[in-house]
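Working notes for the structure below.
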Amino acid sequence: MYFIVSYRRVPGTRFDSRYYVEQHIPLVEKTWKPFGLDYIDAFFPSREDSDVIVVAMCRFKDRAALDAALAAEETAIIMADIEKYTDGEPDRHVTEVFQLSP
């Protein structure tokens, strides 16, 4: 189960990549690991003209773990931290892991 958060590149939008990597991602890991977060991967497109600034993929053990993390009081700390690195709005998606049967 993945919780995917991405930010689109919009003219005039502030995004502090350094803060995002050094402060926000570790905060998310610390806050959500007790609820079943396995890991986070953050991807920054190599093309400067990409429409996307970053895509973060948060892997959870299962849907119940994701739901518990999102419902936790501690998640308010994560949400309050967003304004420290951007004034843009994130896109959020919940996805299942697709696996082909052998």
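Under UniProt numbering, the letters of the sequence shown match residues 1 to 102, in that order.
Even for Gly, the Cβ is constructed at its ideal location relative to N, Cα and C.
If you're wondering where the values come from, they're calculated on a predicted model, not measured in any experiment.
Within its chain, find whatever has a CB closer than 6 Å to the CB of residue i; leave out the 5 residues flanking it on each side and keep chain order.
| i | result |
| --- | --- |
| Trp32 | Ala69 |
For residue i, does the count of other Cβ atoms within 10 angstroms reach 16, so buried, or fall short, so exposed?
| i | result |
| --- | --- |
| Tyr39 | exposed |
| Val97 | exposed |
| Ala65 | buried |
| Phe43 | exposed |
Taking the alpha-carbon of residue i as reference, which of the options has the nearest alpha-carbon?
| i | options | result |
| --- | --- | --- |
| Ile77 | Leu27, Tyr19 and Ala42 | Leu27 |
| Ala72 | Gly88, Val55, Ser50 and Gly36 | Gly36 |
| Tyr85 | Pro11, Tyr2 and Glu22 | Glu22 |
| His24 | Val94, Asp91, Ala80 and Ser101 | Ala80 |
| Ile53 | Gln99, Glu89 and Val94 | Glu89 |
Which residues in the same chain have their Cβ closer than 8 Å to the Cβ of residue i, if we skip the five residues on either side of it in sequence?
| i | result |
| --- | --- |
| Asp16 | Lys84, Tyr85 and Thr86 |
| Tyr19 | Lys84 and Tyr85 |
Return the chain-ordered list of same chain residues with a C-beta closer than 7 Å to the C-beta of residue i, the five sequence neighbours on each side being excluded.
| i | result |
| --- | --- |
| Gly50 | Note on residue identity: the sequence assigns Ser, not Gly, to residue 50. Once the five neighbours on either side are set aside, the close Cβ partners of Ser50 are Arg9. |
| Glu29 | Leu37 and Ile40 |
| residue 106 | Within the shown structure, residues of the chain are numbered from 1 to 102, placing residue 106 beyond reach of any answer. |
State the CB to CB distance for the pair residue i and residue j, rounded to an integer number of angstroms; the pair is presumed to be in contact (CB under 8 Å).
| i | j | result |
| --- | --- | --- |
| Val94 | Ala56 | The pair is not a contact, with the Cβ atoms about 13 Å apart (cut-off 8 Å). |
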